[in-house]
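**Q**
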Amino acid sequence: MPYVLGIDIGSTNTAAAVARRRGATWTRPEAVALSAGAPLVPSTLCLAEDGALHVGEPATDDGSRITRDFVHRIGDDVPVLLGGEPCAPQTLTAELAAWVVERVHALEGEAAEAIVLSHPAGWRPYRRDVLHRALADLGLRHVTLLPRTVTVAESHAARGFAGDTAVVYALGGNSFEAALVRRTPRGTYETFGTPQGLDSIGGADFDEALAEHARTVLAKELATIARRGTQAALRGLRAECDRVKRVLTVDHTADVVLALPSGPARIPVTRAQFEAMIRPTVQATVDLLLRAVRSADLAPAQLDAVLLTGGSTRVPLVTELISAALPVPVEVEPDSQLTAATGAAMAACQVVSPRPRPPAPARVPAPVSGAGRATPATSRRPHHGTTVPGDPPPRPPVRVLPLELPKPPRLALTRSRGREG
Numbered sequence: 006m007p008y009v010l011g012i013d014i015g016s017t018n019t020a021a022a023v024a025r026r027r028g029a030t031w032t033r034p035e036a037v038a039l040s041a042g043a044p045l046v047p048s049t050l051c052l053a054e055d056g057a058l059h060v061g062e063p064a065t066d067d068g069s070r071i072t073r074d075f076v077h078r079i080g081d082d083v084p085v086l087l088g089g090e091p092c093a094p095q096t097l098t099a100e101l102a103a104w105v106v107e108r109v110h111a112l113e114g115e116a117a118e119a120i121v122l123s124h125p126a127g128w129r130p131y132r133r134d135v136l137h138r139a140l141a142d143l144g145l146r147h148v149t150l151l152p153r154t155v156t157v158a159e160s161h162a163a164r165g166f167a168g169d170t171a172v173v174y175a176l177g178g179n180s181f182e183a184a185l186v187r188r189t190p191r192g193t194y195e196t197f198g199t200p201q202g203l204d205s206i207g208g209a210d211f212d213e214a215l216a217e218h219a220r221t222v223l224a225k226e227l228a229t230i231a232r233r234g235t236q237a238a239l240r241g242l243r244a245e246c247d248r249v250k251r252v253l254t255v256d257h258t259a260d261v262v263l264a265l266p267s268g269p270a271r272i273p274v275t276r277a278q279f280e281a282m283i284r285p286t287v288q289a290t291v292d293l294l295l296r297a298v299r300s301a302d303l304a305p306a307q308l309d310a311v312l313l314t315g316g317s318t319r320v321p322l323v324t325e326l327i328s329a330a331l332p333v334p335v336e337v338e339p340d341s342q343l344t345a346a347t348g349a350a351m352a353a354c355q356v357v358s359p360r361p362r363p364p365a366p367a368r369v370p371a372p373v374s375g376a377g378r379a380t381p382a383t384s385r386r387p388h389h390g391t392t393v394p395g396d397p398p399p400r401p402p403v404r405v406l407p408l409e410l411p412k413p414p415r416l417a418l419t420r421s422r423g424r425e426g
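Okay, structure coming up:
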């Protein structure tokens with residue numbers, strides 16, 4: 006069955022969604038099981054000894070062959086070292102996108118009619134350009150790039166959000182961004198104002214706050230345990246804190262459980278305690294959200310909603326502080342980690358089947374000035390930071406950075422048969 010594909014490569018996880026054609030319409034986007042039946046795969050690449058590139062958490066502890074969060078380095082001249090070889094961040098990102106495309110192709114039995122890939126809202130044309138080149142080098146020459154905030158708005162609109170103007174709050178594992186979006190005459194969305202973001206704030210900070218609390222509570226006990234036993238016990242602490250964080254989104258109490266050599270240790274944590282630990286971090290994201298709104302001189306009353314995305318937005322404190330700062334509806338989807346991917350699939354539907362444009366308003370004759378000459382109308386230049394689904398990414402009139410992109414490393418990074426899940 007014909008389908009389109011939406012991909013979201015986040016700082017922590019990668020997700021994909023497909024929408025299938027049924028006659029003249031498209032089905033609601035569905036998440037793709039990318040890894041062992043799960044819709045999410047870690048945005049992690051591992052280079053094997055034979056040069057094959059593996060996707061997902063590796064079994065090796067050799068950190069020199071593992072790389073994460075390379076998307077945010079696209080456009081950086083400094084390459085990522087992987088197994089001692091320099092690799093351009095855009096090449097690694099394209100490799101992960103190509104792996105997703107191949108995975109979905111194998112599941113669906115045919116190629117997608119259109120592919121939309123989300124990217125951070127603050128990207129300028131240069132970053133989109135280098136990623137387009139890297140994708141084309143792997144045979145993905147017709148991928149549409151859209152700001153993640155736009156794909157998030159498309160997903161919310163597909164679920165019933167009917168507003169014209171909103172601010173998107175995207176809190177990932179290791180990054181945060183906020184940007185204003187508005188509905189265009191085509192019925193799609195575009196960004197405006199000045200996007201705000203930080204690559205150093207995310208849900209991982211919440212996990213670390215819990216982990217630090219556990220280490221403080223167990224400080225005396227950990228000091229008396231053998232070095233090897235302590236390291237083995239603490240190795241799984243961050244994963245355990247991530248579990249507890251999720252539990253506290255629905256329950257008021259939870260226990261951080263560690264298997265120590267002396268026996269299991271339980272550290273009770275209440276939601277109130279957890280929220281006190283993370284409040285400064287959440288407040289910092291809300292401050293950036295307000296800065297994004299102010300960048301367009303908008304009053305809160307002009308917003309129709311705050312649209313949330315990212316797994317950490319399920320923490321109740323996030324909604325609480327946003328609601329206190331902006332008295333407008335706050336909307337979050339049931340699985341907020343998939344919002345950007347499903348919205349990208351919705352945008353891909355529009356690439357194949359664009360929404361009909363509304364009829365143009367009747368043209369009013371321009372007033373005549375002087376000897377029969379019409380006064381020229383004021384023209385508006387398009388906003389170069391905005392990408393419309395289906396259009397090629399905008400290019401600056403002058404190439405500001407005429408850099409020679411580094412050649413691909415000698416490693417067999419583009420061997421399709423070498424990529425595995």
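When we follow my numbering, the leftmost residue of the sequence shown carries the number 6, and every step to the right adds one. Idealized CB from N, CA, C, for every residue including glycine.
#1: Which word fits P331, buried or exposed, when buried means at least 16 other C-beta atoms lie within 10 angstroms of its C-beta?
#2: Taking its Cβ as the centre, do 16 or more other Cβ atoms sit within 10 Å of A20, making it buried, or is it exposed?
#3: What's the gap between the Cα of D67 and the Cα of G316?
#4: Please determine, among D82, W31, A53, V173, the residue with the shortest C-alpha to C-alpha distance to A345.
#5: Between which two residues does the alpha helix (DSSP H) holding Q288 run?
#6: In whole angstroms, what is the alpha-carbon distance linking A57 and V85?
#7: Tell me the DSSP secondary structure of R240 in three-state form.
#8: Buried or exposed for M351, going by 16 or more other Cβ atoms inside 10 Å?
#9: Round the Cβ separation of A171 and A310 to the nearest angstrom and send it over; I've been treating them as touching at under 8 Å.
#10: Measure the C-alpha to C-alpha separation of A22 and G114 and round it to an integer number of angstroms.
#11: Who does Y194 pair with in a DSSP beta bridge?
#12: A376 by DSSP, collapsed to three states: which one?
#13: Mind checking whether T98 and V76 have CB atoms under 8 Å apart?
#14: Would you check if the stretch 206-225 and the stretch 23-38 touch, i.e. whether three or more CB-CB distances between them fall below 8 Å?
#15: So what's P152 in DSSP terms, helix, strand or just coil?
#16: Under three-state DSSP, which class holds L253?
#17: Is DSSP giving D260 helix, strand or coil here?
#18: Quick check on this structure: which residue in T290, G198, R70 has the alpha carbon closest to the alpha carbon of L303?
#19: Check each candidate in V291, A349, L343 and name the one with the smallest Cα separation from L322.
#20: Ignore the nearest five residues each way along the sequence and tell me which others in V298's own chain have a CB closer than 8 Å to its CB.
#21: Compare the beta carbon distance of L343 and P47 with 8 Å and say whether it is the shorter of the two.
#22: Run through DSSP, which three-state label would V369 get?
#23: P273 by DSSP, collapsed to three states: which one?
#24: Nearest-angstrom Cα distance between V262 and I272?
#25: Are the CB atoms of S160 and E338 nearer to each other than 8 Å?
#26: Does the beta-carbon of D256 have 16 or more other beta-carbons within 10 angstroms, so that it is buried, or is it exposed?
#27: Taking only three categories from DSSP, how would you classify G330?
#28: If G207 and L176 are in contact, beta carbons under 8 Å, what's the gap, nearest whole angstrom?
#29: In chain order, what residues of the same chain have a beta carbon less than 8 Å from the beta carbon of A289, not counting five sequence neighbours either side?
#30: Quick one: what's A111 bridged to in DSSP?
#31: Suppose contacts are defined by Cβ-Cβ distances below 8 Å. Is V9 in contact with A117 by that definition?
#32: Considering only the beta carbon of each residue, do A103 and L143 sit closer than 8 Å?
#33: When you compare the CB positions of P91 and I79, do they come within less than 8 Å of one another, or not?
#34: Count the other CB atoms, across all protein chains shown, that sit within 10 Å of the CB of G61; report buried if there are 16 or more and exposed otherwise.
#35: Roughly how many angstroms lie between the CA atoms of L150 and G348, to the nearest whole one?
#36: For V287, which residues of its own chain have a beta-carbon under 7 Å away from its beta-carbon, when the five flanking residues on both sides are left out?
**A** Per the coordinate set shown:
#1: Numbered from its first residue, the sequence shown carries residue 331 at position 326. Checking the sequence shown, residue 331 turns out to be Leu, not Pro. That one is buried.
#2: As a position in the sequence shown, residue 20 is number 15, starting the count at 1. So A20 ends up on the buried side.
#3: Position 62 of the sequence shown holds residue 67. Position 311 of the sequence shown holds residue 316. Approximately 28 Å between the Cα atoms of the pair.
#4: Residue 345 sits at position 340 when you count from the first residue of the sequence shown. Across the set D82, W31, A53, V173, the C-alpha of V173 shows the shortest separation from the C-alpha of A345.
#5: Along the sequence shown, one-based indexing puts residue 288 at 283. Following the DSSP letters along the chain, one finds Q288 inside the alpha helix (DSSP H) bounded by residues 276-299.
#6: Here residue 57 refers to the residue found at position 52 when the sequence shown is read from its first residue. Here residue 85 refers to the residue found at position 80 when the sequence shown is read from its first residue. If you take the alpha carbons of A57 and V85, they lie about 17 Å apart.
#7: Locating residue 240 in the sequence shown gives position 235, counting from the first residue. Helix at R240.
#8: The residue given as residue 351 occupies position 346 in the sequence shown. Counting C-beta atoms within 10 angstroms of its own C-beta, M351 has 16 or more neighbours from the protein chains shown and is therefore classed as buried.
#9: Looking up residue 171 in the sequence shown gives position 166. Looking up residue 310 in the sequence shown gives position 305. Their Cβ separation, rounded to whole angstroms, is 5 Å, which keeps A171 and A310 in contact under 8 Å.
#10: If you number the sequence shown from 1, residue 22 lands on position 17. If you number the sequence shown from 1, residue 114 lands on position 109. For A22 and G114, the distance between alpha carbons rounds to 15 Å.
#11: In the sequence shown, the residue the question calls residue 194 occupies position 189. Paired residue(s): R188.
#12: Here residue 376 corresponds to residue number 371 of the sequence shown, with the count starting at 1. Confidence is the limiting factor: at A376 the pLDDT is only 36, short of 50, which leaves the residue's position unreliable and the question unanswerable from this model.
#13: One-based indexing of the sequence shown puts residue 98 at position 93. One-based indexing of the sequence shown puts residue 76 at position 71. Between T98 and V76, the C-beta spacing is below 8 Å.
#14: No: the two stretches stay apart, fewer than three of their Cβ pairs being nearer than 8 Å.
#15: To locate residue 152, count along the sequence shown from 1; it is residue 147. Correct three-state label for P152: strand.
#16: Counting from one through the sequence shown, the residue named residue 253 turns up at place 248. The answer is coil: DSSP assigns L253 none of H, G, I, E or B.
#17: By one-based count along the sequence shown, residue 260 stands at place 255. D260: strand per DSSP, three-state reduction.
#18: Residue mapping note: residue 303 aligns to position 298 of the sequence shown, counting from 1. Selected option, being the one with the closest Cα: G198.
#19: What you label residue 322 is simply residue 317 of the sequence shown in a count that begins at 1. That would be V291, whose Cα lies nearest to the Cα of L322.
#20: Numbered from 1 along the sequence shown, position 293 holds the residue referred to as residue 298. Closer than 8 Å at Cβ, skipping near neighbours: V172, L185, G198, P305, L308, L331.
#21: Position 338 of the sequence shown, counted from the start, is the residue given in the question as residue 343. Position 42 of the sequence shown, counted from the start, is the residue given in the question as residue 47. Going by C-beta atoms, L343 is not nearer than 8 Å to P47.
#22: Taking the first residue of the sequence shown as position 1, residue 369 is located at position 364. Legend: pLDDT at V369 = 46, less than 50; position of this residue unreliable, no value from coordinates given.
#23: The residue you call residue 273 lines up with position 268 of the sequence shown. In the three-state DSSP reduction, P273 falls in the strand class (E or B).
#24: Reading the sequence shown from its first residue, position 257 is the one you call residue 262. Reading the sequence shown from its first residue, position 267 is the one you call residue 272. Approximately 7 Å between the Cα atoms of the pair.
#25: Reading the sequence shown from its first residue, position 155 is the one you call residue 160. Reading the sequence shown from its first residue, position 333 is the one you call residue 338. At the C-beta level, S160 and E338 come within 8 Å of one another.
#26: Reading the sequence shown from its first residue, position 251 is the one you call residue 256. D256 comes out exposed.
#27: Counting from 1 along the sequence shown, the entry for residue 330 is found at position 325. Reading the sequence as shown, one finds Ala at residue 330 and not Gly. Looking at A330 - three-state DSSP - the assignment turns out to be helix.
#28: For the purposes of this step, residue 207 is taken as the residue at position 202 of the sequence shown. For the purposes of this step, residue 176 is taken as the residue at position 171 of the sequence shown. Right, their Cβ atoms sit about 6 Å apart.
#29: Position 284 of the sequence shown, counting from 1, holds the residue named residue 289. Counting only Cβ-Cβ distances below 8 Å, and skipping sequence neighbours, we find L203, I206.
#30: On the sequence shown, residue 111 is found 106 positions in, with the first residue counted as 1. None, per the DSSP bridge assignment.
#31: Counted from its first residue, the sequence shown places residue 9 at position 4. Counted from its first residue, the sequence shown places residue 117 at position 112. At a Cβ-Cβ threshold of 8 Å, V9 and A117 count as neighbours.
#32: By one-based count along the sequence shown, residue 103 stands at place 98. By one-based count along the sequence shown, residue 143 stands at place 138. A contact, by the Cβ cut-off of 8 Å.
#33: Here residue 91 corresponds to residue number 86 of the sequence shown, with the count starting at 1. Here residue 79 corresponds to residue number 74 of the sequence shown, with the count starting at 1. Here P91 is not near I79, since their CB atoms are 8 Å or more apart.
#34: By 1-based counting over the sequence shown, the position of residue 61 is 56. Looking at its Cβ environment, which holds 16 or more other Cβ atoms inside 10 Å, G61 is buried.
#35: The count along the sequence shown starts at 1 and reaches residue 150 at position 145. The count along the sequence shown starts at 1 and reaches residue 348 at position 343. Each residue's Cα considered, the two are about 12 Å apart.
#36: Within the sequence shown, numbered from 1, the residue matching residue 287 stands at position 282. Excluding positions up to five away in sequence, the list reads L322, V323, L326.
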